Structure formats: C-alpha cells, structure tokens
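Heads up: the structure comes next, in structure tokens.
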Amino acid sequence: MQYKIPIQIENEDTIVLGLSLRQLGIMMAFGGIAYALFQFLESRIGGIALVPAIIVAGLGIGIALVRIAEMTFLPLTLNFLRMSLNGKARPWSQGTDSYTELEIGHISTSNEKIVQTTSKESFTSSIANNEDFAEKLKNL
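Numbering (the working numbering), first residue to last: 511 to 650.
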C-alpha cells in the first residue's frame, strides 16, 4: 500500500485571511496589550495615548508577519544573536562537519590556536594534531 508523503510540512496551515494560528495568536496578544495600554493611558494623558498603543500594535504585526529569507521573527532573532556572539568569520577545520549546530556563546580556550601551514612538514604535523585531537574526543 502506497502512502502519500506531505511535501510542504514546514508551511503553516492558514486559518483566516491567509494567516496561520501562530500569526493570529501573536497579533491578538499584542492587540490586547495595545488596548490595555491605551485604556490605562487614556485617563491620564487623553488622546495622545493612541500613539504608544499604535506602536505596540505595529510591533506585534511586524513580529507576526515579517519573514526574511524564509525565517520568521524568532529564528531570525536567534540567528542574528548567534552571529553577533560567534563572529562573522567561521574558520575551516579539517574533519569538521559543516552542518553541525553551532553553540550560542561558544567560548574558546587559550589552548585552541589557528595552525598556519607554510610547508609540507607543517601540514602533515597539523594533520597529526587533528588526528590526536579526534582520538582524544573519542576517548571522552
């Protein structure tokens, strides 16, 4: 018996007006916060209370609807934080899988150093160092 495999499993289902449940929840939460802020400030400062309420509602709409490079607000923010903590340059090291997840806030020790190869001997010694390091990792 053949089963159909869904193709677009990462796409959220739309509920109302092309919005997903997550987007509706975010917009409703920020709308409620904006309304409560307006009600609180209106008795104190009058009609000017509409300005902060509109800012909060606009922030909620932005968080719910903005999508940059197929990333929503939370993954985009976390990736930006990871980039700012880890630096923009990512050094290459032999034997490392390039698709492994990066730790946010990776702190390098003073024992780690960048090996610059200038001759064939230093290249072979760096390979030996990498193999020794791999053996130490396996023994952990």
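Note that beta-carbon positions come from the ideal geometry of N, C-alpha and C, so glycine has one too.
Every value quoted in this text rests on a predicted model; they were computed, and no experiment measured them.
Cα-Cα separation between residue i and residue j, rounded to whole angstroms
i, j, result
"GLN512", "ALA574", "38 Å"
"LEU595", "ILE578", "20 Å"
"ILE558", "LYS514", "56 Å"
"LEU547", "ALA563", "6 Å"
"LYS646", "ASN521", "42 Å"
"ALA644", "GLY535", "47 Å"
"ARG592", "LEU529", "29 Å"
"SER553", "GLY572", "28 Å"
"LEU551", "LEU531", "30 Å"
"ASP642", "LEU650", "13 Å"
"ILE519", "ILE525", "16 Å"
"ASP523", "LEU588", "24 Å"
"LEU527", "GLU580", "20 Å"
"ILE517", "LEU584", "24 Å"
"VAL576", "PHE590", "15 Å"
"LYS648", "LEU586", "34 Å"
"GLN549", "GLY556", "10 Å"
"GLY597", "ASN640", "23 Å"
Top-ranked residue by Cα proximity to residue i, from the options
i, options, result
"MET538", "LEU551, ASN521, ASN596 and GLY570", "GLY570"
"GLN533", "ASN639, THR582 and LEU650", "THR582"
"ALA567", "ILE519, TYR545 and LEU529", "TYR545"
"ILE654", "LEU560, GLU580 and GLY556", "Absent from the structure is residue 654, since the part of the chain shown begins at 511 and ends at 650."
"ILE565", "GLN518, ILE555, PHE540 and LEU584", "PHE540"
Which residues DSSP lists as bridging residue i, in chain order
i, result
"VAL526", "LEU529"
"ILE578", "MET581"
Continuous alpha helix (DSSP H) assignments of at least 4 residues falling wholly in the segment 536 to 576: 560 to 575
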